[in-house]
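Comments concern the structure below.
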Amino acid sequence: MSTPETISANAVPRIARGHRLQFEPAQECHVLLYPEGMITLNDSAAEILQRCDGQRSVQAICDDLSAAFAGADVTADVHDFLKLAASHGWVILA
53 MSTPETISAN AVPRIARGHR LQFEPAQECH VLLYPEGMIT LNDSAAEILQ RCDGQRSVQA
113 ICDDLSAAFA GADVTADVHD FLKLAASHGW VILA
C-alpha cells in the first residue's frame, strides 16, 4: 500500500475490515487484531483509533482529542499516525 503524502482534515477514517481494536487485559494495553497478527498500541494510538468510527472527520478527531487533553495541539500527531496506519492498511480514509 502506498502512504498518503497528506491526510485531509475532511477525511473520515475507519478501522479496516478484518481488523479489531480491543483492550488486552493480559498486556494491560489496547491492541489491533488482524488476520496476520496483532499490533500492540501505545496510549496515543489507541485514543486515535478509538475515534476512527467512520463517522468523524480527521478534524473532528483532532478537536475531540485536543479537548480531552487540555487543549493540547495534537493535529500533527494525529495526521502522522493516520498516515502510518493507512500505509499498513489498518485504517481506510474515506
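The sequence shown begins at 53 in this note's numbering and counts up one residue at a time. Glycine included, C-beta positions come from ideal geometry on N, C-alpha and C.
Legend entry - Top-ranked residue by Cα proximity to Ser109, from Asp95, Ala122, Ala97 and His131: Restricting attention to Asp95, Ala122, Ala97 and His131, the CA atom closest to the CA of Ser109 is found in His131.
Inset, instruction - Give me the Cα-Cα distance between Asn94 and His82, rounded to the nearest whole angstrom. - result: Cα-Cα distance, rounded: 7 Å.
Legend entry - Terminal residues of the alpha helix (DSSP H) in which Thr33 lies: In the structure displayed, the chain extends from 53 to 146; residue 33 sits before or after that span and is not available.
Inset, instruction - Determine the closest residue to Gln126 out of Ala97, Ser139, Ala63 and Gly106, with distance taken between C-alpha atoms. - result: One point to set straight first is that residue 126 is Val, not Gln, in the sequence displayed. Closest option to Val126, judged by alpha-carbon separation, among Ala97, Ser139, Ala63 and Gly106: Ala97.
Inset, instruction - Locate the beta strand (DSSP E) running through Leu85, then write down its first and last residues. - result: Per DSSP, Leu85 belongs to the beta strand (DSSP E) from Cys81 to Tyr86.
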